[in-house]
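Protein chains: 2
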Amino acid sequence: MDHDVLSIGDLARTTDTKVETIRYYERAGLLPAPARTAGNYRAYRAEHLARLSFVRRARDLGFSLDHVRELLRLADQKDQSCAEIDVIARLHLAEVDRKIADLMALGGELRQIVGQCGHGTVAECRIIEALSPN
Amino acid sequence: MDHDVLSIGDLARTTDTKVETIRYYERAGLLPAPARTAGNYRAYRAEHLARLSFVRRARDLGFSLDHVRELLRLADQKDQSCAEIDVIARLHLAEVDRKIADLMALGGELRQIVGQCGHGTVAECRIIEALSPN
DNA sequence: TATGCACCCTATAGCAGCTATAGGGTCAAG
DNA sequence: CTTGACCCTATAGCTGCTATAGGGTGCATA
Ligand SMILES: [Zn+2]
Ligand SMILES: [Zn+2]
Ligand SMILES: [Zn+2]
Ligand SMILES: [Zn+2]
Chain A
66 MDHDVLSIGD LARTTDTKVE TIRYYERAGL LPAPARTAGN YRAYRAEHLA RLSFVRRARD
126 LGFSLDHVRE LLRLADQKDQ SCAEIDVIAR LHLAEVDRKI ADLMALGGEL RQIVGQCGHG
186 TVAECRIIEA LSPN
Chain B
66 MDHDVLSIGD LARTTDTKVE TIRYYERAGL LPAPARTAGN YRAYRAEHLA RLSFVRRARD
126 LGFSLDHVRE LLRLADQKDQ SCAEIDVIAR LHLAEVDRKI ADLMALGGEL RQIVGQCGHG
186 TVAECRIIEA LSPN
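If you read the protein sequences in the order shown, they are chains A and B. Per the numbering used here, the first sequence runs over residues 66 to 199. Per the numbering used here, the second sequence runs over residues 66 to 199.
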């Protein structure tokens, strides 16, 4: 492909994203549909690369696709207040903190149960006992 | 329904599980298909209630359906060693610990990013900056 | 006896966020 | 002119449910 135009494979390699994922993001409205070559290949430019990098980074930080879409939209309104961005990020952080708390409670319970297993027969196993009713 | 037989709704109420979820567990091989009444209603017994309670408890502890199936199978071999049960539980605990570690790293990064937002315009927002490439 | 209503049945589709086929077309090198 | 790497669309699959749609059952009440 011509220089300053990237194929979907180029974009995939550069951003460490699977080709199918990029097409999926396009369908999902996270990436604009790029121009096409004569042979109907997607022809990306630097702006698409930047956009996809943004998406990848946001996904790595755990933002949902809905949040990413919102963040992309807001990021384009350069002269507006960033209050909404802040809200999304804080909400997401709260969500992460909540998940950590949930998992810590779970881990504690599991550790306790696992620690009681005396490695005998199933009939005596404290793990099974902990899972069984009454 | 006759006493010592439970309808799916009874089971759902008793175990705080949705009716559809119980049917799903049956399809997924977690619960044995119960006998049917003349009107083709599922007719559960105490053993089914115990089984579903076990499943619920294991799910609450975060075990995957695959793990739960395995645990159910192993739990039935009362005179065998509980070593495999132990392995599954320890693997699962390790998985939970790993998720916690991942989320803590994520949370730290997010907290750092969110803490830098100066509440100005989008153009100056450190959150957007943190998400943008180069 | 009829009607209403709560409950049950199956089958199928939908959710997130991809990933993996199947069944083709394009394009440059040898 | 063929090989092989790449691209295209469409569709199905994954986990663990949940929510319809379109019926049938069973019991109480008018
Ligand atoms: Zn979020
Ligand atoms: Zn044990
Ligand atoms: Zn596990
Ligand atoms: Zn900001």
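Each residue gets a CB set at the ideal place from its N, CA and C atoms; glycine is no exception. Since we're looking at a predicted model, the values are computed, not measured.
Quiz item: Should I192(B) be listed as close to ligand 4, given that the test is whether its C-beta is under 8 Å from any heavy atom?
Solution: yes
Quiz item: Where DSSP assigns a beta bridge to S72(B), which residues make up the other side?
Solution: Bridge partners of S72(B): none, in fact.
Quiz prompt | contact_flag[the stretch 124-141 of chain A, the stretch 155-167 of chain A] where n(CB pairs < 8 Å) is 3 or more | solution = yes
Exercise. Using a Cβ-Cβ cut-off of 9 Å, state whether H132(B) counts as contacting chain A.
Key: no
Quiz item: Going by DSSP, what residues sit across from T79(B) in a beta bridge?
Solution: In the DSSP output, where bridge partners are listed per residue, T79(B) has none listed.
Quiz item: Counting Cβ pairs, one atom from each stretch, are 3 or more of them under 8 Å apart for the stretch 89-101 of chain B and the stretch 110-119 of chain B?
Solution: yes
Practice problem: Identify which residue in A188(A), A195(A), M169(A) has its Cα closest to the Cα of Q181(A). | Solution: A195(A)
Exercise. Mind the definition here: the stretch 131-147 of chain B touches the stretch 163-173 of chain B only if three or more C-beta pairs lie below 8 Å; say whether that holds.
Key: no
Self-check item: chain B contact for D144(A) (CB, 9 Å cutoff)
Solution: yes
Self-check item: Spatial neighbours of V70(A) in its chain, beta-carbon cut-off 6 Å, leaving aside the 5 residues before and after
Solution: A108
Quiz item: Does at least one heavy atom of ligand 2 sit under 8 Å from the Cβ of I153(A)?
Solution: no
Exercise. Tell me where the alpha helix (DSSP H) around Y90(B) begins and ends.
Key: 84-92
Exercise. Apply the 10 Å Cβ neighbour rule to V216(B) and answer buried if 16 or more other Cβ atoms are within range, or exposed otherwise.
Key: No answer is possible for residue 216(B): the residues shown for chain B start at 66 and end at 199.
Exercise. Less than 8 Å between the CB atoms is what I'm expecting for V179(B) and A188(A), so what's the real figure, rounded?
Key: That pair is no contact at about 52 Å.
Self-check item: Cβ-based neighbour list, V133(B), same chain, cut-off 7 Å, excluding 5 preceding and 5 following
Solution: L95, V120, A123, R124
Quiz item: Mind checking whether the beta-carbon of H132(A) lies closer than 8 Å to any heavy atom of ligand 4?
Solution: no
Quiz item: Where in the stretch 121-153 of chain A do unbroken runs of the alpha helix (DSSP H), each at least 4 residues long, occur, reported from the N-terminal end onward?
Solution: 130-140
Practice problem: Would you kindly check if the distance between the Cβ of T80(B) and the Cβ of Q145(A) is under 9 Å? | Solution: no
Exercise. Return no unless some Cβ of chain B is closer than 9 Å to the Cβ of L171(A).
Key: yes
Exercise. Report the rounded CA-to-CA distance for L136(A) versus I150(A), giving the unit in angstroms.
Key: 6 Å
Practice problem: In the DSSP assignment, find the unbroken alpha helix (DSSP H) run with R191(B) in it and report its ends. | Solution: 191-196
Practice problem: Just tell me which of G104(B), Y89(B), E91(B), H113(B) has its CA closest to the CA of D75(B). | Solution: H113(B)
Quiz item: Which residues in the same chain as A148(A) place their Cβ atom closer than 8 Å to its Cβ, once the five residues preceding and following it in sequence are excluded?
Solution: none
Quiz item: Near K83(A), what residues of its chain come up, given a Cβ to Cβ distance below 7 Å and the 5 sequence neighbours on each side ignored?
Solution: A77
Practice problem: Identify, in the order they occur along the chain, each residue of the same chain with its Cβ nearer than 7 Å to the Cβ of E91(B), setting aside the five sequence neighbours on each side. | Solution: A98
Exercise. Return the residue from the list A170(B), H184(B), L156(B) that minimises the CA-CA distance to D131(B).
Key: L156(B)
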